[in-house]
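Written out below as structure tokens is the structure these notes cover.
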Amino acid sequence: MTTAPMPAFPAGFRWGVSTSAYQIEGGADADGRGPSIWDTFAHTPGRIVDGSTGDVACDHYHRHGEDVALMAGLGISAYRFSIAWPRVQPGGTGAANPAGLDFYDRLVDDLLAAGIDPVATLFHWDLPQPLEDAGGWLNRDTAHRFAEYADLVAARLGDRVKLWITLNEPFIHMSLGHGTGVHAPGRFLLFDALPVAHHQLLGHGLAVAALRARSTSGVAIANNYSPVRLLGGTDADRAAGAAYDALHNRLFTDPLLGRGYPPGFEDAPVRDGDLDIIAAPIDVLGVNYYNPTGIRAPEEGAPLPFEMVPLEGYPRTGFDWPVVPEGLRELLTWLHDTYGEALPPIQITESGCAYDDVPDADGRVHDPERIAYLDGHLRAVRAAIDDGVDVTGYFVWSLLDNWEWAEGFTKRFGLVHVDFDTQVRTPKSSYAWYRDQVGRR
Ligand code: PNW
Numbered sequence: 003m004t005t006a007p008m009p010a011f012p013a014g015f016r017w018g019v020s021t022s023a024y025q026i027e028g029g030a031d032a033d034g035r036g037p038s039i040w041d042t043f044a045h046t047p048g049r050i051v052d053g054s055t056g057d058v059a060c061d062h063y064h065r066h067g068e069d070v071a072l073m074a075g076l077g078i079s080a081y082r083f084s085i086a087w088p089r090v091q092p093g094g095t096g097a098a099n100p101a102g103l104d105f106y107d108r109l110v111d112d113l114l115a116a117g118i119d120p121v122a123t124l125f126h127w128d129l130p131q132p133l134e135d136a137g138g139w140l141n142r143d144t145a146h147r148f149a150e151y152a153d154l155v156a157a158r159l160g161d162r163v164k165l166w167i168t169l170n171e172p173f174i175h176m177s178l179g180h181g182t183g184v185h186a187p188g189r190f191l192l193f194d195a196l197p198v199a200h201h202q203l204l205g206h207g208l209a210v211a212a213l214r215a216r217s218t219s220g221v222a223i224a225n226n227y228s229p230v231r232l233l234g235g236t237d238a239d240r241a242a243g244a245a246y247d248a249l250h251n252r253l254f255t256d257p258l259l260g261r262g263y264p265p266g267f268e269d270a271p272v273r274d275g276d277l278d279i280i281a282a283p284i285d286v287l288g289v290n291y292y293n294p295t296g297i298r299a300p301e302e303g304a305p306l307p308f309e310m311v312p313l314e315g316y317p318r319t320g321f322d323w324p325v326v327p328e329g330l331r332e333l334l335t336w337l338h339d340t341y342g343e344a345l346p347p348i349q350i351t352e353s354g355c356a357y358d359d360v361p362d363a364d365g366r367v368h369d370p371e372r373i374a375y376l377d378g379h380l381r382a383v384r385a386a387i388d389d390g391v392d393v394t395g396y397f398v399w400s401l402l403d404n405w406e407w408a409e410g411f412t413k414r415f416g417l418v419h420v421d422f423d424t425q426v427r428t429p430k431s432s433y434a435w436y437r438d439q440v441g442r443r
């Protein structure tokens with residue numbers, strides 16, 4: 003970690019932290035919430051490494067007051083959370099469950115009272131189970147159900163939420179959820195999962211229209227990106243790199259920014275008019291970045307047109323992910339150079355790392371690796387701004403240690419340590435470090 007002072011960020015830069023509903027809320031049966039695909043998946047033996055579920059998670063549903071106080075202590079200007087569709091519409095369709103909306107209504111008011119902008123994600127992977135039973139995102143109708151849900155939320159919160167994010171990482175939901183089955187709903191379709199991409203994008207576009215009709219706030223989507231590092235110099239390696247790039251970095255962004263699907267995805271179930279709906283203007287592109295991906299040509303007869311290979315020569319996080327801050331600068335300049343005028347301002351909607359953080363004998367949690375990680379990635383963002391990329395915000399993943407999907411409670415991403423037996427929250431040293439960065443705005 004460099005000891006040079008962190009350069010200043012532009013005035014008005016949005017400093018935040020991110021979370022998602024199923025990972026922190028608990029309250030699985032509270033106030034009429036219905037099951038989502040993640041409840042079903044987590045309760046299926048063998049799916050989650052430690053056998054845990056999000057039934058209780060951080061019990062944020064009952065402790066949000068304490069958690070908003072932790073955010074206020076950070077001095078952040080924005081909080082990115084997600085709204086659980088199965089709280090708002092337990093059946094995935096029809097009238098809203100008012101008690102479900104009440105929770106977010108209180109949260110939004112508490113945030114505003116603390117001077118924190120609410121940034122609300124509408125879909126962070128927790129599809130109501132009844133919609134999955136009807137085909138889920140493989141079914142085009144789910145896109146229309148999503149827009150109906152967006153309308154219900156915007157009718158209640160549209161006057162106070164400052165930025166809407168329609169979908170979180172539709173690529174991961176397609177690939178891990180429907181391609182390889184590591185995430186809910188656990189389908190193993192490989193490239194036959196492509197309709198899940200198109201229907202999510204269509205749902206995004208229809209939701210943008212619904213949100214615009216109810217709310218004057220900005221609208222965004224949060225995509226994750228991973229620059230390709232080619233491990234090999236043959237034509238076959240280059241072709242593998244291009245295939246991975248098209249899938250991970252372009253499949254969603256090309257149609258969103260008006261270019262239609264990249265080559266190789268002609269099989270998407272597109273109907274007349276869909277591409278215009280999908281390309282509706284957005285105000286911010288949310289960028290989630292964790293690491294680049296090493297790629298080389300696959301073996302003969304392999305099921306995928308590329309092989310992913312761990313990158314050597316970098317420090318690694320507790321998730322075994324390589325720490326490559328310059329990959330974030332590279333990604334931001336790539337977006338700028340590739341999409342040009344079509345690219346809206348960018349906010350980094352997730353950036354962070356997992357480590358095995360344990361309280362010491364005095365109950366303190368020291369996480370110098372996380373400080374170094376965030377320091378490096380913030381400097382990368384600052385360098386990209388100097389390169390001419392319009393980046394207007396940065397959200398750390400995550401405020402709290404939480405329930406990390408298929409990894410259960412084994413991966414701690416928080417600025418705040420959570421004891422999952424007692425629910426005691428302990429700010430880590432990275433919390434104080436981030437507070438100091440934020441305080442310099
Ligand atoms: C994101 N990958 O998920 C999600 O938006 C968060 O909910 C999650 O907690 C966070 O990143 C940390 O994992 C990802 O395999 C899941 O490349 C998997 C991958 C990337 C992001």
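Residue numbers (this note's numbering): 3 to 443.
Where is the CB? At the ideal position from N, CA and C, for every residue including glycine.
Neighbourhood of residue i by C-beta, 6 Å cutoff - its chain only, sequence neighbours within 5 removed
| i | result |
| --- | --- |
| Phe190 | Gly183 |
| Ser217 | Ala156 and Gly160 |
| Pro334 | In the sequence as displayed, the identity of residue 334 is Leu instead of Pro. Taken in chain order, the residues that qualify are Ala386 and Val391. |
| Ala224 | Ile167, Asn170, Gly288, Asn290 and Thr351 |
| Gly94 | Pro130, Pro132, Leu133 and Arg147 |
| Gly266 | Ala248 |
| Val326 | Asn293, Pro294 and Tyr316 |
| Ala149 | Leu208, Ala209 and Ala212 |
| Thr123 | Ser84, Ile167 and Asn170 |
| Ser22 | Ser84 and His126 |
| Gly243 | Val230, Leu232 and Ile297 |
| Arg384 | Pro9 |
Whole-angstrom C-beta distance between residue j and residue i, which should lie under 8 Å
| i | j | result |
| --- | --- | --- |
| Leu154 | Val90 | 6 Å |
| Leu113 | Tyr81 | 6 Å |
| Trp127 | His201 | Contact doesn't hold; Cβ gap of about 14 Å is too wide. |
| Arg414 | Ala356 | 6 Å |
| Asn19 | Leu103 | For the record, residue 19 in the displayed sequence is Val; it is not Asn. At roughly 23 Å, the Cβ-Cβ gap does not stay under 8 Å, so Val19 and Leu103 are not in contact. |
| Ile284 | Ala344 | That pair is no contact at about 10 Å. |
| Trp40 | Ala186 | 5 Å |
| Gly205 | Ala145 | 4 Å |
| Tyr24 | Ala86 | 7 Å |
N-terminal and C-terminal residue of the beta strand (DSSP E) that residue i is part of
| i | result |
| --- | --- |
| His419 | Val418 to Val420 |
| Arg231 | Val230 to Leu232 |
| Leu249 | Where Leu249 is concerned, there is no enclosing beta strand (DSSP E), given that its DSSP letter is neither H nor E. |
| Tyr341 | Careful: Tyr341 lies outside any beta strand (DSSP E), inside the alpha helix (DSSP H) at Pro327 to Tyr341. |
| Arg82 | Ala80 to Ser84 |
Residue i, enclosing alpha helix (DSSP H) - first and last residue
| i | result |
| --- | --- |
| Met8 | Neither: Met8 is in no alpha helix (DSSP H) and is coded neither H nor E. |
| Ser432 | Ser431 to Gly441 |
| Ile280 | Asp276 to Ile280 |
| Val286 | Note, Val286: premise wrong, no alpha helix (DSSP H); beta strand (DSSP E) at Val286 to Tyr291. |
| Tyr63 | His62 to Leu76 |
Identified DSSP bridge partners for residue i
| i | result |
| --- | --- |
| Pro167 | Checking the sequence, you will find Ile at residue 167 rather than Pro. Answer is Thr123 and Ala222, bridged to Ile167. |
| Ser38 | Pro130 |
| Glu309 | Arg298 |
| Arg16 | Gly395 |
| Leu103 | Answer is none; Leu103 lacks a bridge partner. |
| Thr428 | His419 |
| Gln349 | Gly288 and Gly395 |
| Arg162 | In the DSSP output, where bridge partners are listed per residue, Arg162 has none listed. |
Contacts around residue i, its chain only, beta-carbon distance under 7 Å, and the 5 residues preceding and following it disregarded
| i | result |
| --- | --- |
| Gly262 | Asp256 and Leu277 |
| Tyr436 | Leu76, Leu376, Val398 and Leu417 |
| Pro361 | Val367, His419 and Thr428 |
| Gly296 | Arg231, Leu233, Met310, Val311, Pro312 and Leu313 |
| Asp359 | Val367, Asp369, Arg414, His419 and Lys430 |
| Pro307 | Ala242, Ala245 and Pro300 |
Close beta carbons around residue i, own chain, < 8 Å, minus the five adjacent residues each side
| i | result |
| --- | --- |
| Ala270 | Leu196, Pro197, Ala199, His200 and Tyr263 |
| Gly28 | Gly56, Asp57, Val58, Ala59, Cys60, Asp61, His62, Tyr63 and His64 |
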